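First up is the structure itself, then whatever we jot down about it.
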Amino acid sequence: MPQGQPTVVPDDGLTTRQRRNRPLVMVHTGVGKGKSTAAFGMALRAWNQGWPVGVFQFVKSAKWKVGEENALKALGETGKGGPVTWHKMGEGWSWIQREPAEGELSHEEKARQGWEQVKRDLAAETYRFYVLDEFAYLLHWGWIDTAEVIEVLRDRPGQQHVVITGRNAPQELMDFADLVTDMSKVKHPMDAGQKGQRGIEW
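Numbering (the numbering used here), first residue to last: 381 to 582.
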């Protein structure tokens, strides 16, 4: 199995095994396509390892049918890999500007509720692998405090990996993270007026 060779070996007092198995915080950001797709691909690897996987979607509406959701839920039910739990926290509010109905929580309040659930699960070590999908938007908009997120992630117990996706990830989060990928856009069908299509976008 290819494992790669580190370019630097820090003087941190850890053994190679200890350093290799450190839980990671990962960020997929940038304007290009593929941030969530890459995170769900990592979730597949986590499932294959038998790890409990928790997916928290902060932007996509509960009404939206996401292909990865169906696939990962089906895999989670096979009993061959780890269990998969899928949480939808939003109303599609980054794309559909629907105002909350009277008495309904605001989009910001729903996002905050979602983050509080993530905090509870991290404290309880509910999952081994977390996907916080489109979570970077909430930090960029100031709905959730970046410093608080960093503190919670820094203090999380056990062996919990967390991947955060979304455009405009704050620099402080990227500085803190162990792995950051900036998806750049070279070309996209939407630039030529083509809308998203089944099997590619969902």
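Every residue gets a Cβ at the ideal spot worked out from N, C-alpha and C, and that includes glycine.
Note that this is a predicted model, so its numbers are computed, not measured.
Exercise. Count the CB pairs spanning the stretch 403-412 and the stretch 562-578 that are closer than 8 Å, and state whether there are at least three.
Key: Yes, the stretch 403-412 touches the stretch 562-578.
- Task: Inspect the beta-carbon positions of residue 513 and residue 545 and report whether they are closer than 9 Å.
- Result: Position 133 of the sequence shown, counted from the start, is the residue given in the question as residue 513. Position 165 of the sequence shown, counted from the start, is the residue given in the question as residue 545. A contact, by the Cβ cut-off of 9 Å.
- State yes or no: is the C-beta of residue 462 within less than 9 Å of the C-beta of residue 433? Stepping through the sequence shown from its first residue, residue 462 is reached at position 82. Stepping through the sequence shown from its first residue, residue 433 is reached at position 53. Between residue 462 and residue 433, the C-beta spacing is below 9 Å.
Q | For residue 504 and residue 540, the rounded distance between their alpha carbons | A | Counted from its first residue, the sequence shown places residue 540 at position 160. Counted from its first residue, the sequence shown places residue 504 at position 124. Taken atom to atom, the span from the alpha-carbon of residue 540 to that of residue 504 is near 11 Å.
Going by the CB atoms, is the gap between residue 404 and residue 427 shorter than 9 Å? Residue mapping note: residue 427 aligns to position 47 of the sequence shown, counting from 1. Residue mapping note: residue 404 aligns to position 24 of the sequence shown, counting from 1. No, these two residues do not count as a Cβ contact at 9 Å.
Do residue 435 and residue 467 have their C-beta atoms closer together than 9 Å?
The residue given as residue 435 occupies position 55 in the sequence shown. The residue given as residue 467 occupies position 87 in the sequence shown. Contact: yes.
- Message: For residue 423, which residues in the same chain have their Cβ closer than 7 Å to its Cβ, ignoring the five residues on either side in sequence?
- Response: Looking up residue 423 in the sequence shown gives position 43. Contacts found: 433, 435, 452, 509, 511.
- Taking all protein chains shown into account, decide if residue 494 is buried (16 or more other Cβ within 10 angstroms of its Cβ) or exposed. On the sequence shown, position 114 is the one that residue 494 refers to. So residue 494 ends up on the buried side.
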